[in-house]
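Asker:
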Amino acid sequence: MKIWSDKESLSRDEIKAIQFTRLKETLHRVYDKVPYYKQMFIDKGVHPDDIKSLDDMHLLPLTTKEDLRKNYPFGLFAKPKNEIVRYHASSGTTGKPTVVGYTKNDIEVWTEVIARLATMAGVTAEDTAQITFGFGLFTGAFGLQQGLERIGAGVIPMSSGNTQKQIMIMQDFQTTTLIGTPSYALHLAETAYDIGIDPKKDLFLKYGLFGGEGSTEEMRNKLNEAWGIFATENYGMSELIGPGVAGECQALTGMHICEDHFIAEIIDPETLEVLPEGSVGELIITPISKEALPLIRYRTKDITRLDSSPCSCGRTTTRIAKLSGRTDDMLIIGGVNVFPSQIEGVLLGIEGIGSNYQIRVLKKGYLDKIEIDVEVANSDLLDSVTLLDALYNEIAHKLTTVLGIHAGIHLVEPKSLTRSEGKAKRVIDQRNEK
Ligand code: DLL
């Protein structure tokens with residue numbers, strides 16, 4: 010399997026040397042060009058010159074989304090407007106979005122890292138890639154497009170929505186690579202079957218490159234099964250670059266980080282202490298080649314662990330394990346901490362259940378409670394009390410034994426829950442509703 014860049018298979022010492030040089034440049038850039046950062050460094054009692062090795066990174070301040078919000082829209086930019094060639098923004102659920110900017114060189118780096126991820130996933134110049142992320146302020150679509158074109162793949166910029174038309178184009182253009190969120194990819198597959206197209210027989214898909222939202226191994230299995238593809242996932246975030254921070258190779262041993270452009274750490278989200286490799290905690294990323302919007306030790310709120318053991322693909326870069334959730338989406342149900350991803354893992358592993366579910370969090374007295382609407386795979390099941398009972402009991406039993414939680418379960422008709430065309434909203438918080 011081809012490796013796109015020789016930067017992906019350097020020795021650990023070589024990678025660290027590049028990281029240190031670029032980190033120092035980045036520290037000076039923010040200190041000299043971004044007054045807000047200079048003040049953060051002063052408040053923390055640290056100067057760029059105090060950082061003598063990567064091991065000193067813990068001395069540096071952490072950056073949060075709140076810092077970006079306070080500086081809306083361009084306050085953290087380290088380059089003047091005439092050097093910014095692109096803007097994107099992440100859709101904040103409340104208030105103003107988080108704005109990010111790119112210089113020409115930032116776009117070049119972005120293109121390069123996506124070229125690496127696409128190559129890792131198996132895509133080549135022979136492939137035709139259909140992008141179902143929305144083209145717009147969201148970073149997903151543009152990011153993938155640039156990198157896929159760089160490796161010579163043919164890009165179909167479908168954008169999101171128009172689900173039936175997506176299938177028609179997929180068939181007529183002989184799309185081999187599907188790009189989007191895992192939840193939308195499943196919705197697309199469902200629509201294909203509905204209109205009488207069997208993706209495995211009637212389409213030409215080989216690869217699925219998914220990202221932008223969490224998904225479990227069970228979800229990967231469903232995607233592979235529905236489409237007859239080899240699904241990989243990739244990770245990124247608007248503030249850090251967009252997609253392109255890390256991606257899975259075909260060995261599926263975690264997502265290889267483009268470490269000559271990003272330094273990853275794991276911290277304990279409570280104490281903020283850096284944790285040793287292998288520990289589960291919050292992912293902190295420092296982009297080290299960004300010109301327009303350099304960020305120092307950015308708190309992603311994503312929960313995972315790092316692994317730099319060798320990978321059979323030949324890349325030597327550290328890998329991010331599949332995310333277990335975000336620090337802000339953890340639910341506490343009857344005193345038990347649970348992530349929506351764990352609930353998904355249980356549900357999608359049960360036969361007879363469709364791929365869609367909705368978790369509602371409610372308040373019962375002083376306690377939080379969850380109710381889960383779960384689609385059955387086949388509506389005939391809803392006519393048989395015995396089968397329904399058996400399915401209900403299996404879900405309840407697994408949620409209790411595997412996760413230790415009790416949940417209200419409602420088995421509902423196939424395709425009755427709302428589908429998303431981008432990132433699925435799996436949890437609805439009804440705690441403050443009267
Ligand atoms: O979602 C960037 C992206 C687009 C990545 C397309 C991959 C593909 P944001 O909208 O800023 O950027 O959302 C970033 O999405 O902090 C994670 O919580 C989540 N996320 C992204 N990729 C994954 C993944 C883009 N592979 C937020 N697994 C991140 C789990 C993911 N969560």
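Under the working numbering, the residues of the sequence shown are numbered 10 to 443, in order.
Ideal placement from N, C-alpha and C gives every residue a C-beta, glycine not left out.
Comparing C-alpha positions only, which one of Asp15, Leu400, Ala235 sits nearest to Asp203?
Answerer: Ala235
Asker: In this structure, does DSSP put Lys372 in helix, strand or coil?
Answerer: strand
Asker: Could you check what DSSP says for Asp277 in three-state terms: helix, strand or coil?
Answerer: Residue state for Asp277 is assigned as coil, using DSSP reduced to three classes.
Asker: On a CA-only basis, which of His67, Val347, Thr73, Gln155 is nearest Pro303? Give me that one, please.
Answerer: For Pro303, the nearest C-alpha among the options comes from Thr73.
Asker: Measuring alpha carbon to alpha carbon, tell me which residue in Met179, His406, Gly287 is nearest Lys331.
Answerer: For the set Met179, His406, Gly287, the Cα lying nearest the Cα of Lys331 is the one of Gly287.
Asker: Given a cut-off of 8 Å on the beta-carbon distance, is the pair Val383 and Val436 in contact?
Answerer: no
Asker: Quick one: what does DSSP say Leu357 is sitting in, helix, strand or coil?
Answerer: helix
Asker: Our contact map puts Trp119 next to Ile266 with C-beta atoms below 8 Å; I'd like the distance itself, whole angstroms only.
Answerer: Not really, about 15 Å apart at Cβ, beyond 8 Å.
Asker: With a threshold of 16 other CB atoms inside 10 Å of the CB of Gly471, please say whether the residue is buried or exposed.
Answerer: With the chain running from 10 to 443 in the structure shown, residue 471 is simply not present.
Asker: How should Glu222 be labelled, buried or exposed, when 16 other C-beta atoms within 10 angstroms of its C-beta is the threshold for buried?
Answerer: Buried, since its Cβ has 16 or more Cβ neighbours within 10 Å.
Asker: Taking the straight line between their C-alpha atoms, what separation do you get for Phe151 and Ile116?
Answerer: 10 Å
Asker: Cα separation between His196 and Leu153?
Answerer: 21 Å
Asker: Does the Cβ of Glu222 lie closer than 7 Å to at least one heavy atom of the ligand DLL?
Answerer: yes
Asker: Are the segment 59–68 and the segment 322–330 touching, with three or more C-beta to C-beta distances below 8 Å?
Answerer: no
Asker: Check whether the Cβ of Gly290 sits closer than 7 Å to any heavy atom of the ligand DLL, and report yes or no.
Answerer: no
Asker: Rounded to the nearest angstrom, how far is the Cβ of Thr137 from that of Gln183, given a contact under 8 Å?
Answerer: 6 Å
Asker: Kindly indicate which residue of Leu371, Tyr366, Asn365, Cys322 has the alpha-carbon position closest to the one of Gly343.
Answerer: Leu371
Asker: Which class does Val436 belong to by DSSP, given the choice of helix, strand or coil?
Answerer: strand
Asker: Roughly how many angstroms lie between the CA atoms of Ala271 and Leu400, to the nearest whole one?
Answerer: In the sequence on display, residue 271 carries Phe and not Ala. The alpha-carbon atoms of Phe271 and Leu400 are separated by roughly 45 Å.
Asker: What three-state label does DSSP hand His419 in the structure shown?
Answerer: strand
Asker: Using 7 Å as the cut-off, classify the Cβ of Glu430 as near or not near the heavy atoms of the ligand SAM, replying yes or no.
Answerer: The model depicted lacks the ligand SAM and carries the ligand DLL instead.
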